[in-house]
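Read the structure below first, then the notes.
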């Protein structure tokens, strides 16, 4: 999906236009995730770009799109460009020691927070 969305359409409520834009993006992502995953891949990953125009678009994470769209609306922007391209992704396992360290850090942080209260 490569598209420039207009936020101010004559005769339409801007809030409804915003909802429709977000719905189109979510619908595209769901449709792409339903496709058959190629052999050797574990999931569908997405390369995303976002900006006021196509030329000004920068690489962003998929989970940040909604926040960026809300930011454009809050600033009073009239349009924005979104590019979402699906690609096969392969999961990589964490090193065994990393999980143990994360769990130890989480439990230590919880103990520290309890003693401060």
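Residue numbers (this note's numbering): 10 to 126.
Even for Gly, the Cβ is constructed at its ideal location relative to N, Cα and C.
> First and last residue of the beta strand (DSSP E) that includes residue 97?
Replying inline: 88 to 98
> Is the number of C-beta pairs between the segment 92 to 110 and the segment 44 to 63 that are closer than 8 Å three or more?
Replying inline: yes
> Taking the alpha-carbon positions, what's the residue 65 to residue 13 distance?
Replying inline: 12 Å
> Thinking just about the alpha-carbon of each residue, which of 91, 79, 16 is nearest to the one in residue 68?
Replying inline: 91
> Using the rule of at least 16 other Cβ atoms within 10 Å of the residue's Cβ for burial, across every protein chain shown, is residue 46 buried or exposed?
Replying inline: exposed
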